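Under our numbering, the first residue of the sequence shown is numbered 48, with each subsequent residue one higher.
Beta carbons are placed, not taken as given, at the ideal position from N, Cα and C, and that holds for glycine.
The structure displayed is predicted, hence computed values, not measured ones.
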Amino acid sequence: ILSHSLSTIKEKFMPIYLDNAATTKVDSRVLEAMLPYLQNEFGNPSSIHSLGRKAKAAIEKTRKIVAASLNVSPSEICFTSCGTEANNTALLGAVKNLGVKHIVSSPTEHHCILHFLSFLEKNHGTQIHYLTVDKNGHINLEELSLLLQKLEDKTLVSLMHGNNEIGTMIDLEKVSQLCQENEILLHSDMVQTYAHFPIDLQKTPVHFMACSGHKFHGPKGIGFLYTDGDVQISPLIYGGAQERNMRAGTENISGIIGLGKAVELAMEEMEEHTAHIRGLRDYCKAQLLANFEGLEFNGDIEGAALYTVLNVSFPSDPRLEMMLFNLDIEGICASGGSACSSGVDTGSHVLQAINADPMRPSVRFSFSKFNTKEEVDILIAALTKIIKPAVAV
Numbered sequence: 048i049l050s051h052s053l054s055t056i057k058e059k060f061m062p063i064y065l066d067n068a069a070t071t072k073v074d075s076r077v078l079e080a081m082l083p084y085l086q087n088e089f090g091n092p093s094s095i096h097s098l099g100r101k102a103k104a105a106i107e108k109t110r111k112i113v114a115a116s117l118n119v120s121p122s123e124i125c126f127t128s129c130g131t132e133a134n135n136t137a138l139l140g141a142v143k144n145l146g147v148k149h150i151v152s153s154p155t156e157h158h159c160i161l162h163f164l165s166f167l168e169k170n171h172g173t174q175i176h177y178l179t180v181d182k183n184g185h186i187n188l189e190e191l192s193l194l195l196q197k198l199e200d201k202t203l204v205s206l207m208h209g210n211n212e213i214g215t216m217i218d219l220e221k222v223s224q225l226c227q228e229n230e231i232l233l234h235s236d237m238v239q240t241y242a243h244f245p246i247d248l249q250k251t252p253v254h255f256m257a258c259s260g261h262k263f264h265g266p267k268g269i270g271f272l273y274t275d276g277d278v279q280i281s282p283l284i285y286g287g288a289q290e291r292n293m294r295a296g297t298e299n300i301s302g303i304i305g306l307g308k309a310v311e312l313a314m315e316e317m318e319e320h321t322a323h324i325r326g327l328r329d330y331c332k333a334q335l336l337a338n339f340e341g342l343e344f345n346g347d348i349e350g351a352a353l354y355t356v357l358n359v360s361f362p363s364d365p366r367l368e369m370m371l372f373n374l375d376i377e378g379i380c381a382s383g384g385s386a387c388s389s390g391v392d393t394g395s396h397v398l399q400a401i402n403a404d405p406m407r408p409s410v411r412f413s414f415s416k417f418n419t420k421e422e423v424d425i426l427i428a429a430l431t432k433i434i435k436p437a438v439a440v
């Protein structure tokens, strides 16, 4: 009886999680796949005994799963600790090993790109060129084309596929085409789009792409870097021959297995989950517009955008300055922008880049396959309490 009561209390007070662009809940089937490699199949993949060989075989099986999802060769996949490491490895390798002198990017990239570009500029003399973005966060493709024709030294374009704060997506096919026409290297941070959208790197070639498993119900601490087989870069981490000499250190076996299972599930269930999550986002948008005045939406909400993200701009009101805090009190987890910047009181660089009104508070709601319409209804009720508090009589 006590156990049942505690379970009921726990369920009652479980928060409603609407911050899936920051991280996602591990799917129970992913956890189930990981457990044997945390308990019984714990061998070091570099060992030649049976447990080591089993671990090595499991890693290579996962590498094939990931490669198949992108229509590339398994030899082009290197497992990393996260998307940040994958991005850093690609950018540094392009400069050190491929002779890149210019990098073209945008001011709305994730900080793991922007901060590393500053490092390259300061320490390697790399010239960084930032494209302008419009009010929805879209780059100007004509500006990109003209710039690529102008630059004479070896150049790399680094543009994220889908923005983690406002959801705006680039036209990757057109960017890839421009890079091919001008013989330019292309790197794309696909942390928010991989396993959410079909991606075929034979049809839309890039030289580098980064992924992080915890963005699609895999575990934290695991990601991968795709590197086109025609380019060769050196490791970011030295010390051993793991990952085909691309990343030293004993592999995160259980994480790799979890990543592989999450990829399998995402590919098998993508159509179903896309429809469900897009429906939730559109339902949330409709309910917000029906219940509150003066709302705006950051990003290209009606066009090329992540179906998982809804970034809402609320009217300027002193009562809304503590919006996230008040939502948290109501048991709702959301974000004011990028979760990777939590605790930094400098405002969102993405919202600044698109010239969003700094006086209007913005909240990012991001959805997953585990969210429901009932949770959206609870969100609307909570926002009603915050925005339209009852007047004491």
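- Message: For residue 92, which residues in the same chain have their Cβ closer than 7 angstroms to its Cβ, ignoring the five residues on either side in sequence?
- Response: The count along the sequence shown starts at 1 and reaches residue 92 at position 45. Excluding sequence neighbours, residue 92 sits near 99, 102, 103, 106, 298, 300.
- Please go through the same chain and pick out, in chain order, the residues whose beta-carbon is closer than 7 angstroms to the beta-carbon of residue 177, but skip the five residues on each side of it. Within the sequence shown, residue 177 is the residue found at index 130, counting from 1. Cβ neighbours of residue 177 beyond the five flanking positions: 152, 153, 154.
- Three-way DSSP call (helix, strand, coil) for residue 280 in this model: Working through the sequence shown from its first residue, we reach residue 280 at position 233. Here residue 280 sits in coil by DSSP.
- Message: For residue 406, count the other beta carbons within 10 Å of its own beta carbon; 16 or more makes it buried, fewer makes it exposed. Which is it?
- Response: Residue 406 sits at position 359 when you count from the first residue of the sequence shown. Residue 406 comes out exposed.
- Query: Which residues in the same chain have their Cβ closer than 8 angstroms to the Cβ of residue 56, if we skip the five residues on either side of it in sequence?
  - Reply: By one-based count along the sequence shown, residue 56 stands at place 9. Because residue 56 sits at a pLDDT of 42, beneath the cut-off of 50, its placement in the model cannot be relied upon, and the following sentence gives the value as read from the coordinates. Counting only Cβ-Cβ distances below 8 angstroms, and skipping sequence neighbours, we find nothing.
- If you check the beta carbons only, do residue 373 and residue 433 fall under 8 angstroms apart? As a first step, residue 373 is located in the sequence shown; it is residue number 326 there, counting from the start. As a first step, residue 433 is located in the sequence shown; it is residue number 386 there, counting from the start. A contact, by the Cβ cut-off of 8 angstroms.
- Item | Alpha-carbon to alpha-carbon, residue 64 and residue 196 | Looking up residue 196 in the sequence shown gives position 149. Looking up residue 64 in the sequence shown gives position 17. Roughly 46 angstroms between the two C-alpha positions.
- Message: If you reduce the DSSP assignment to three classes, tell me which class residue 285 lands in.
- Response: As a working note, residue 285 is residue 238 in the sequence shown. Coil, per DSSP.
- Task: Rounded to whole angstroms, what's the CA-CA distance from residue 358 to residue 288? Just pull it up for me.
- Result: Here residue 358 corresponds to residue number 311 of the sequence shown, with the count starting at 1. Here residue 288 corresponds to residue number 241 of the sequence shown, with the count starting at 1. Computed Cα separation, rounded: 43 angstroms.
- Since residue 119 is in the beta strand (DSSP E), which residue starts that stretch and which ends it? The residue given as residue 119 occupies position 72 in the sequence shown. Here residue 119 belongs to no beta strand (DSSP E), and DSSP marks it neither H nor E.
- Of the listed residues 396, 226, 428, 81, nearest to residue 184 (C-alpha basis): Mapped onto the sequence shown, residue 184 falls at position 137. If we check each option's Cα against that of residue 184, 396 comes out closest.
- Starting from residue 165 and walking both ways along the alpha helix (DSSP H), at which residues does that stretch end? Within the sequence shown, numbered from 1, the residue matching residue 165 stands at position 118. Looking at the DSSP string, the run of the alpha helix (DSSP H) that includes residue 165 is 158-171.
- Task: Report the rounded CA-to-CA distance for residue 431 versus residue 71, giving the unit in angstroms.
- Result: As a working mapping, residue 431 is identified with position 384 in the sequence shown. As a working mapping, residue 71 is identified with position 24 in the sequence shown. If you take the alpha carbons of residue 431 and residue 71, they lie about 26 angstroms apart.
- With a 10 Å radius around its C-beta and 16 neighbouring C-beta atoms as the bar for buried, classify residue 134 as buried or exposed. Within the sequence shown, the letter at position 87 stands for residue 134. Buried, by the Cβ-count rule.
- Find out if the Cβ-Cβ distance for the pair residue 203, residue 147 is shorter than 8 angstroms. As a working note, residue 203 is residue 156 in the sequence shown. As a working note, residue 147 is residue 100 in the sequence shown. Yes, the pair counts as a contact, with Cβ atoms nearer than the cut-off.
- Task: Starting from residue 328, follow its DSSP beta bridges and name the residues at the other end.
- Result: Looking up residue 328 in the sequence shown gives position 281. Per DSSP, none; premise fails for residue 328.
- Item | Three or more C-beta pairs below 8 angstroms linking the stretch 358-368 and the stretch 217-231 | no
- Task: Report the rounded CA-to-CA distance for residue 198 versus residue 272, giving the unit in angstroms.
- Result: Along the sequence shown, one-based indexing puts residue 198 at 151. Along the sequence shown, one-based indexing puts residue 272 at 225. Taking the straight line joining both Cα atoms gives about 27 angstroms.
- Message: Could you check whether residue 84 and residue 379 sit closer than 8 angstroms to each other, using their CB atoms as the reference points?
- Response: Stepping through the sequence shown from its first residue, residue 379 is reached at position 332. Stepping through the sequence shown from its first residue, residue 84 is reached at position 37. The answer is no: Cβ separation not under 8 angstroms.
- Query: Where does the unbroken beta strand (DSSP E) through residue 357 begin, and where does it stop?
  - Reply: By 1-based counting over the sequence shown, the position of residue 357 is 310. Unbroken beta strand (DSSP E) run through residue 357: 356-360.
- Item | Three-state class that DSSP yields for residue 46 in the structure shown | With the chain running from 48 to 440 in the structure shown, residue 46 is simply not present.
- Pick helix, strand or coil for residue 428, following the three-state DSSP scheme. Numbered from its first residue, the sequence shown carries residue 428 at position 381. Helix at residue 428.
- Query: Where does residue 451 land, buried or exposed, given buried means 16+ other C-beta within 10 angstroms?
  - Reply: Residue 451 lies beyond the residue range present for the chain, which begins at 48 and ends at 440; the question has no answer from this structure.
- Do the CB positions of residue 274 and residue 255 come within less than 8 angstroms of each other? The residue given as residue 274 occupies position 227 in the sequence shown. The residue given as residue 255 occupies position 208 in the sequence shown. Going by C-beta atoms, residue 274 is nearer than 8 angstroms to residue 255.
- Extent of the continuous alpha helix (DSSP H) to which residue 370 belongs: Residue mapping note: residue 370 aligns to position 323 of the sequence shown, counting from 1. From DSSP, the alpha helix (DSSP H) with residue 370 extends over 370-376.
- Buried/exposed call for residue 144, threshold 16 Cβ in 10 Å: Residue numbering aside, residue 144 sits at position 97 when the sequence shown is read from its first letter. The residue is exposed, with fewer than 16 neighbouring Cβ atoms inside 10 Å.
- Separation of residue 77 from residue 322, as counted between CA atoms: Locating residue 322 in the sequence shown gives position 275, counting from the first residue. Locating residue 77 in the sequence shown gives position 30, counting from the first residue. Cα-Cα distance, rounded: 22 angstroms.
- Task: Check each candidate in 410, 418, 267 and name the one with the smallest Cα separation from residue 342.
- Result: Locating residue 342 in the sequence shown gives position 295, where the first residue counts as 1. Nearest option by C-alpha distance: 410.
- Do you know whose CA, among 347, 126, 97, lies nearest residue 284's CA? Translated into positions along the sequence shown, residue 284 becomes position 237. Answer by Cα proximity: 126.
- Message: Assuming the contact rule is C-beta atoms closer than 8 angstroms, residue 264 and residue 74 should be a hit. Round their C-beta distance to whole Å, please.
- Response: Counted from its first residue, the sequence shown places residue 264 at position 217. Counted from its first residue, the sequence shown places residue 74 at position 27. About 4 angstroms; that satisfies the 8 angstroms criterion.
- Task: Would you tell me roughly how many angstroms separate the C-alpha atoms of residue 391 and residue 94, rounded to the nearest one?
- Result: For the purposes of this step, residue 391 is identified with residue 344 of the sequence shown, where counting begins at 1. For the purposes of this step, residue 94 is identified with residue 47 of the sequence shown, where counting begins at 1. Only weak support is given to the placement of residue 391: the predicted model assigns it a pLDDT of 46, under 50, and the value that follows is read from those uncertain coordinates. In a straight line, the C-alpha of residue 391 is about 44 angstroms away from that of residue 94.
- Please state if the CB of residue 310 and the CB of residue 112 are separated by a distance shorter than 8 angstroms. Translated into positions along the sequence shown, residue 112 becomes position 65. Translated into positions along the sequence shown, residue 310 becomes position 263. A contact, by the Cβ cut-off of 8 angstroms.
- Could you tell me how far apart the beta carbons of residue 69 and residue 382 are, in whole angstroms, since I believe they sit closer than 8 angstroms? Numbered from 1 along the sequence shown, position 22 holds the residue referred to as residue 69. Numbered from 1 along the sequence shown, position 335 holds the residue referred to as residue 382. Residue 69 to residue 382, Cβ: 6 angstroms. Contact.
- Query: Under the three-state reduction of DSSP, which class applies to residue 441: helix, strand or coil?
  - Reply: Given that the chain is displayed from residue 48 to residue 440, the structure contains no residue 441 and the question cannot be resolved.
- Message: Measuring alpha carbon to alpha carbon, tell me which residue in 206, 435, 186, 188 is nearest residue 161.
- Response: Position 114 of the sequence shown, counted from the start, is the residue given in the question as residue 161. Of the candidates 206, 435, 186, 188, the one whose C-alpha sits nearest the C-alpha of residue 161 is 206.
- What's the call for residue 365, buried or exposed, on a 16-neighbour Cβ count within 10 Å? Counting from 1 along the sequence shown, the entry for residue 365 is found at position 318. By the 10 Å Cβ count, residue 365 comes out exposed.
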